[in-house]
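The opening residue of the sequence shown carries number 37 in this note's numbering; numbering runs sequentially from there.
Contents: one structure, followed by commentary.
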Amino acid sequence: MSRQNRARLTLLERESELGAVDGVLTDLCGTRPGDPSGPRTGGVIAFAGPGGAGKTTLLGEMRRRAAARGCTVLSARGGEHEQGLAFHVVRQLFQPVLAATSEEEHRRILGNWYDIVAPAVGLVVSDDGGSPDPQGVRDGLDWLVTRYAVEHAPVVVILDDVHWADAESLDWLTRFAPRAEDLPMLLAVGYRPEDLSADAAGVRGLTGRQGSRAHVLAPLTPAGVGRIVREVLGEEADEAFCRECWAVTGGNPFEVVELTAKIRDRELKPQPENLAVLRELVSSAKDSGLNDRLTRLGTAAVRLAWAVAVLGIEATPVLTANVAGLSETDAAEVAARLADARILAQPRPGNQPLEYLHPLIATAVYRAIPGALRVAMHGQAATVVLTAGRGSAAAGRHLLEMHPEGDGWVVQQLREAAREYVRAGAPEAARRCLARALREPPGVEERAAVLYELGCSALLTEPETTINHFRAALEEPVLDPALREAAILRLAQAYGHSGRTETAAHIVGEEAARAGSARVRLRMQAEHFMWSAFRADEPDSPARSRRLSRLVDHLSGRGSAERYLLALRAWDAVVRGEPADSALRYAEEALGDGLSWTDGDWGFEVPILVALTFMYCDQPGRAEELFNNGIAEFEHKGWRGAHLAFGLTLLGYIRYRRGRLAEAEELVREGLRIADRVGRTTPAHWAAIGTLVETLLRRGRVEEARALAAAHDYGVTVPKAVVYPDAQAVHGKLLLAQGMHREAQAQLVAAGERLDARGMRNPAWCPWQLELAHAVALTDPDQAMRVAQEAVRRARQFGTRSAIGRTLHAAALVTQGSERVKLLAEAVAHLERSPSSYELAVALVDHGTALRRVGLPQEAADRLYRALESAMQCGADALVIRARDELSAAGMRPLQLRADETGTLTSQEQAAAERAALGWADEHIAEDLVTDVRTVVRLLSGVYRKVGTDRTGLAKLLGRTRRASAAQASPPAGPATAIVPTAPVGEGR
């Protein structure tokens, strides 16, 4: 029976499904073939049913109809024995496309994603490209498929036997599928519901997201079976015979077609007297009967059929002949006989893989291979695949099926396969190979290395198992010193990243004490100080700070360990509230010519602390620059999980502190989205929630902030590690915004006691005192004043304008009378010299309000107009309303606002900034620019907020962006172009 005739019969009674196919193709392509003006609505269509129900035939017909409409068609199918081969299905989709093009074209197609995605789609890349995380690979595949769909629209992607798809391809598919609806792309899948694994359960919901269900293929009716029987065997077929055909096959289309073919070959009359023979034929089509039929074809046929079953997708004629032990000529002859016997499909031209007529036959043949022989054939297949240049990963699939025999070659190949998988962003597949290598087992001199690699492969997916592997490696009797050092560091990372920072610090601390090498000791000390700094329950932080200070005093900053220690000293100075100049000096020494954010040996934590040091020291622009570079590193390496979540969240936190609230919210929401995919309760997750809550509060969306916190148990669950911003303090601030002063006070007092005990006393880092002063102002004004004054003292010790201005502002709010106005004026003066736009806007509103109440409406209006403008630029909606209300109360109306503050510097601001960067005093700048000091202060205030720095960082920041023409100027000898002083608000307007 021809393939075409078989397909036609299998499609009997599938009118409903074919109508659905035509419907979705019309949605995708338009009403006429090749119509470019069609709606191009994509989506997902799924067909479900048991083996033999006709899913493959139906998808084949869909492929034919799609091609007839001018669609670009990509197709792939899962394999029963290829489920452990990472990205097996993905590679089937794209390798035919990539095989026809050059490497140059590959790089054009993949663009910046080449190094990340190329290994997953089967392209060879250099080993120095790094190891992307699974999320990075998924994002890259999303980009690739989206671009392909747009460039080759309309596109139809057909995926058959999805229940056997490998986990990596399936994970990508289930996440990407919802996007098909927004692309000129139709995704069609076929699967057996009863064979879906727990990992593949998401396949059931692919169509549900579009409000539809999978098309479940029903068995053929007795009438349908009778029609097939009569078409194949003749119209004289007896009704009872036809009905028995239906009964013994259950209406399964494949079994019906196969049965009728066998009846025809046996020349059996379709009459009632032959019903007993009919039942024997049915038995011969399955399991033992199939094997008997195969045996009758001869030993060579059996060996070839077994070789095809073992090789699977790799069963090219050449490789199959090698595994079967046949010549290529004999193998071709045997394959033709197997096809005539309807066991194999008809061989395709060229070196295309041999296939079984149906997966049901393949499964039966594979299971019939005697166990010991099957293991041996997999071993032969591994050798053949490697010799053919298919790579260790392809061979690894077969090696996993072999019995452990202590073979060093097997261990070597499995380790190499694991490296290939890691490079492709498939750590779980790598873990399987290494776990099998461990069972081989490796030799005593190699065992520690295998355990170490196994731990590294599972670092993201199974942290507890990772810990066990690293500990086991460290207990091995033969352990190279370099490998011991690496295992200790990775073990500390595993503990630290799972929130057990106390254990992480203890491990590297012990290793530092026992190290015989000065280099190793210094490295372990750096790690010890880092993990100790992240501990939420460190018993004696001040002592650790003193030890760190003494150690750093003797360092020159030449090596990586010394630079990392300098960076940790800078961060310690920030959280302890030491002078900001000191913290910046350490940070600059640590930074040197740059710190890598993707160094696998050193991690990304310390570079982040350096960047945050600049932020807290009133140089957020410098911090943004470092974060942007770090995020670019993450994306280039394909690190799009927790690393990218942290990067985006903390970049959003910098924008939050600068007062760019809309930008901050967008960045943090993206960081939270990624963090949620990585896993809740991770440090990245806590940082994102806390920053988003604070951002929403500044924007006046208190209820939204409360709902967010409640949805994530924020404030209920206490993080095990130090996170930024401090979770307990942020929760107290949220309670205060809800008017729950007593509850807020309890949270803030607890946060303060915890942080003070650790020596973390900088209000710029955690302003719990400012919120506490507000919380107790009504019930205990004296305590509020004491708390606020202590915050001012600490801020003055730290010395940044933003910290001093913010604490003075808080002190003013719990003070009455003329002292309140005085403190507000001083707060504004400091904040004008800082990059903190929002803090300045709030202080201006409160200062304007105070001035209005003491009878100074013109001065009040000046502050309120500036506050309104700044609040609108910040995106602080609630503050905008306050400023407008106060202006109305002062009898003023809002004026036309100036251009967005986030733009480039004006010529006046540029001139003032260039002179300030040279160290000129405001009076000299005013004289040179022929204006007054007040106008210079205003101009520079705009500069600080726009470029993200205070005065101390201005020269360095401007120097990296532009060599100002005034950089070589001398102090003023004569007047420059005059700048008109700012007129008082209310005059001439």
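In this text, a Cβ means the ideal position worked out from N, Cα and C, and glycines have one as well.
Determine, using beta carbons only, whether residue i and residue j come nearer to each other than 8 angstroms.
{"i": "Pro755", "j": "Ala572", "result": "yes"}
{"i": "Gly78", "j": "Glu217", "result": "yes"}
{"i": "Ala371", "j": "Leu340", "result": "yes"}
{"i": "Leu604", "j": "Leu558", "result": "no"}
{"i": "Leu686", "j": "Phe663", "result": "yes"}
{"i": "Ala562", "j": "Tyr622", "result": "no"}
{"i": "Ala122", "j": "Tyr457", "result": "yes"}
{"i": "Leu314", "j": "Val284", "result": "yes"}
Is any heavy atom of the ligand FAD found at a distance shorter than 7 angstroms from the C-beta of residue i?
{"i": "Arg594", "result": "Questions concerning the ligand FAD fall outside what the structure shown contains, since it holds no ligand whatsoever."}
Whole angstroms are fine: how far does the CA of residue j sit from the CA of residue i?
{"i": "Leu47", "j": "Asp366", "result": "36 angstroms"}
{"i": "Tyr689", "j": "Thr727", "result": "6 angstroms"}
{"i": "Ser577", "j": "Pro817", "result": "32 angstroms"}
{"i": "Leu242", "j": "Gly87", "result": "20 angstroms"}
{"i": "Val812", "j": "Asp792", "result": "19 angstroms"}
{"i": "Ala254", "j": "Pro389", "result": "31 angstroms"}
{"i": "Arg203", "j": "Ala465", "result": "First, the amino acid is wrong: residue 203 is Ala here, not Arg. Approximately 9 angstroms between the Cα atoms of the pair."}
{"i": "His866", "j": "Ala597", "result": "37 angstroms"}
{"i": "Lys91", "j": "Ala757", "result": "52 angstroms"}
{"i": "His394", "j": "Glu294", "result": "11 angstroms"}
{"i": "His117", "j": "Ala528", "result": "37 angstroms"}
{"i": "Gly120", "j": "Arg467", "result": "11 angstroms"}
{"i": "Asp207", "j": "Ile710", "result": "16 angstroms"}
{"i": "Trp1053", "j": "Gly666", "result": "Residue numbering for the chain in the displayed model covers 37 to 1025; residue 1053 lies beyond these limits and cannot be assessed."}
{"i": "Gly55", "j": "Arg279", "result": "28 angstroms"}
{"i": "Ala935", "j": "Asp151", "result": "At Ala935, the pLDDT of 43 sits below 50, so the modelled position is not reliable; the number obtained from the coordinates is stated separately. Approximately 42 angstroms between the Cα atoms of the pair."}
{"i": "Arg676", "j": "Gly172", "result": "5 angstroms"}
{"i": "Leu904", "j": "Glu895", "result": "14 angstroms"}
{"i": "Glu51", "j": "Cys65", "result": "21 angstroms"}
{"i": "Glu779", "j": "Ala773", "result": "11 angstroms"}
{"i": "Thr731", "j": "Met438", "result": "57 angstroms"}
{"i": "Val265", "j": "Arg100", "result": "26 angstroms"}
{"i": "Ala949", "j": "Ser870", "result": "13 angstroms"}
{"i": "Cys469", "j": "Ala787", "result": "47 angstroms"}
Please list, in chain order, all residues of the same chain as residue i whose beta carbon is under 6 angstroms from its beta carbon, the five residues on each side excluded.
{"i": "Asp1050", "result": "Outside the shown range of the chain (37 to 1025) lies residue 1050, about which nothing can therefore be said."}
{"i": "Trp342", "result": "Ile405"}
{"i": "Pro615", "result": "Gly835"}
{"i": "Glu49", "result": "Leu256, Gly260"}
{"i": "Pro168", "result": "Ile152, Gly461, Gly674"}
By alpha-carbon positions, which one of the options ends up nearest to residue i?
{"i": "Arg888", "options": "Val864, Ser924, Leu904, Ala914", "result": "Ser924"}
{"i": "Pro463", "options": "Arg981, Gln783, Pro170", "result": "Pro170"}
{"i": "Ala863", "options": "Pro893, Arg832, Leu892", "result": "Arg832"}
{"i": "Asp712", "options": "Arg742, Val191, Ala678, Arg734", "result": "Ala678"}
{"i": "Leu362", "options": "Asp376, Val344, Arg378, Ala375", "result": "Val344"}
{"i": "Glu275", "options": "Gly657, Arg263, Arg550", "result": "Arg263"}
{"i": "Leu177", "options": "Leu859, Ala400, Ser205, Val642", "result": "Ser205"}
{"i": "Lys858", "options": "Ser870, Ser838, Gly884", "result": "Gly884"}
{"i": "Pro385", "options": "Pro353, Val359, Ala400, Leu703", "result": "Pro353"}
{"i": "Tyr531", "options": "Glu521, Gly552, Phe506, Leu602", "result": "Phe506"}
{"i": "Pro214", "options": "Arg240, Arg228, Glu230", "result": "Arg240"}
{"i": "His304", "options": "Asn327, Ala273, Val338", "result": "What sits at residue 304 in the sequence shown is Leu, not His. Taking only the C-alpha atoms, the option nearest Leu304 is Ala273."}
In chain order, what residues of the same chain lie with their CB nearer than 8 angstroms to the CB of residue i, ignoring the 5 residues before and after it?
{"i": "Val969", "result": "Asp958, Glu959, Ala962"}
{"i": "Phe290", "result": "Thr46, Gly87, Gly88, Ala89, Gly90, His394, Leu396"}
Among residues of its own chain, excluding the 5 on either side of residue i, which ones have a beta-carbon nearer than 7 angstroms to its beta-carbon?
{"i": "Val850", "result": "Ala809, Ala813, Pro817, Ala820, Met821, Ala824"}
{"i": "Ala426", "result": "Contrary to the premise, residue 426 reads as Arg rather than Ala in this sequence. Cβ neighbours of Arg426 beyond the five flanking positions: Glu350."}
{"i": "Trp200", "result": "Gly114, Gly115, Glu116, Gln119"}
Stretch-stretch touch, CB-based, cutoff 8 angstroms, three pairs: the region 691 to 702 with the region 670 to 683
No: the two stretches stay apart, fewer than three of their Cβ pairs being nearer than 8 angstroms.
Take every Cβ of the region 400 to 414, pair it with every Cβ of the region 445 to 453, and state whether three or more of those distances are shorter than 8 angstroms.
no
Is the region 616 to 632 touching the region 508 to 518 in the sense that three or more CB pairs, one from each, lie closer than 8 angstroms?
no
On the three-pair Cβ rule with 8 angstroms, is the region 148 to 159 touching the region 231 to 242?
no
Just checking, does the region 763 to 773 make contact with the region 790 to 805 on the three C-beta pairs under 8 angstroms criterion?
Taking one beta carbon from each stretch, the region 763 to 773 and the region 790 to 805 have 3 or more pairs nearer than 8 angstroms; the two touch.
For the region 867 to 879 against the region 831 to 845, are there 3 or more C-beta pairs whose distance is under 8 angstroms?
yes
Meets three-Cβ-pair contact criterion under 8 angstroms: the region 266 to 275 and the region 299 to 311:
yes
Inter-stretch contact at 8 angstroms, needing at least 3 Cβ pairs: the region 478 to 489 / the region 439 to 448
yes
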